[in-house]
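Student: First residue of the sequence shown? That's 401 in this note's numbering, and the numbers climb one at a time after it.
Okay, here's the structure, questions in a sec.
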Amino acid sequence: TTFSAPITASSATNNTFGLTTFSGLQNDVITVNGTLQLQTSSSGCIIIASASAADVSTVVLPTCTDASGCTFKIIAGSVHSHVVSGSEATGAGKINGVVMDLNNTAGNADGAGGQQLSDEHVLSFANNPKLGDQVTVVGNGAHWFISGFANDGVDSAT
401 TTFSAPITAS
411 SATNNTFGLT
421 TFSGLQNDVI
431 TVNGTLQLQT
441 SSSGCIIIAS
451 ASAADVSTVV
461 LPTCTDASGC
471 TFKIIAGSVH
481 SHVVSGSEAT
491 GAGKINGVVM
501 DLNNTAGNAD
511 GAGGQQLSDE
521 HVLSFANNPK
531 LGDQVTVVGN
541 GAHWFISGFA
551 NDGVDSAT
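Below you can see the structure in the form of structure tokens.
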């Protein structure tokens, strides 16, 4: 089966053995300046976290137990300490994964390293943030799994 653009991931039905072909697949792009509470219906969207002056944007993930299979990509659209937060303060919905970073090293990746996140509930691009710092989060109904790239890592809190 072949689908033509524009379509969203939710409008296509997969056939046997995943042989569906997507051409021109487009994701919704949401720009946030402030706080955005994501909904499971927004799965697959790309969030551009922007801010004016000294403000930061906060992206709040949906309740993890309702978000199995949901995925979101969050990109810094301004040089601020943007925040990604789970909806639950404790228990389910913990953020686990790795954010690769350049250790604030200009040019090549000589200073490249990584930061593992284990059972966190909040992270922020607080360390020398740059345009394009980004994370992708995927929920499985119990946890959020994260992968990303940042200029100088992220701060996190349980």
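Where is the CB? At the ideal position from N, CA and C, for every residue including glycine.
Note that the coordinates shown come from a computational prediction; the quantities given were computed from them, not determined experimentally.
#1: With 16 as the cutoff for other CB atoms within 10 Å, does I557 come out buried or exposed?
#2: At what residues does the beta strand (DSSP E) containing K431 begin and finish?
#3: By the three-class DSSP mapping on this structure, what secondary structure does D501 have?
#4: So what does DSSP say about S441, is it helix, strand or coil?
#5: Let me know the secondary structure DSSP gives D466 once reduced to three states.
#6: Can you give me the Cβ contacts of A550 inside the same chain, cut-off strictly under 7 Å, excluding the 5 residues immediately before and after it?
#7: Could you tell me the distance, in whole angstroms, from the CA atom of S518 to the CA atom of S487?
#8: Run the CB neighbour count on D455, radius 10 Å, all protein chains shown included, and call it buried at 16 or more, exposed below.
#9: How is G539 classed by DSSP in three states: helix, strand or coil?
#10: Along the beta strand (DSSP E) that carries E520, what are the first and last residues, could you check?
#11: Here's the rule I'm using: 16 or more other beta-carbon atoms within 10 Å means buried, otherwise exposed. How should A542 be labelled?
Tutor: Taking the definition as stated:
#1: Mapped onto the sequence shown, residue 557 falls at position 157. Residue identity differs from the one stated: residue 557 is Ala in this sequence, not Ile. Looking at its Cβ environment, which holds fewer than 16 other Cβ atoms inside 10 Å, A557 is exposed.
#2: The sequence position of residue 431 within the sequence shown is 31, counting from 1. Looking at the sequence provided, one finds Thr at residue 431 rather than Lys. First-last of the beta strand (DSSP E) with T431: V429 to V432.
#3: The residue you call residue 501 lines up with position 101 of the sequence shown. Looking at D501 - three-state DSSP - the assignment turns out to be strand.
#4: Residue numbering aside, residue 441 sits at position 41 when the sequence shown is read from its first letter. Three-state DSSP puts S441 in a helix.
#5: On the sequence shown, position 66 is the one that residue 466 refers to. In the structure shown, the three-state DSSP call for D466 is helix.
#6: Counting from one through the sequence shown, the residue named residue 550 turns up at place 150. Short of 7 Å from the beta carbon of A550, and not among the five residues preceding or following it, lie these beta carbons of its own chain, in chain order: V499, D501, F525 and D533.
#7: Here the question's residue 518 lines up with position 118 in the sequence shown. Here the question's residue 487 lines up with position 87 in the sequence shown. The alpha-carbon atoms of S518 and S487 are separated by roughly 16 Å.
#8: Along the sequence shown, read from residue 1 onward, the residue named residue 455 stands at position 55. Its Cβ having fewer than 16 others within 10 Å, D455 is exposed.
#9: As a position in the sequence shown, residue 539 is number 139, starting the count at 1. Secondary structure of G539 (DSSP, three-state): strand.
#10: Taking the first residue of the sequence shown as 1, we reach residue 520 at position 120. Run containing E520: G513 to E520, per the beta strand (DSSP E) assignment.
#11: Indexing the sequence shown from 1 puts residue 542 at position 142. Classification for A542: exposed.
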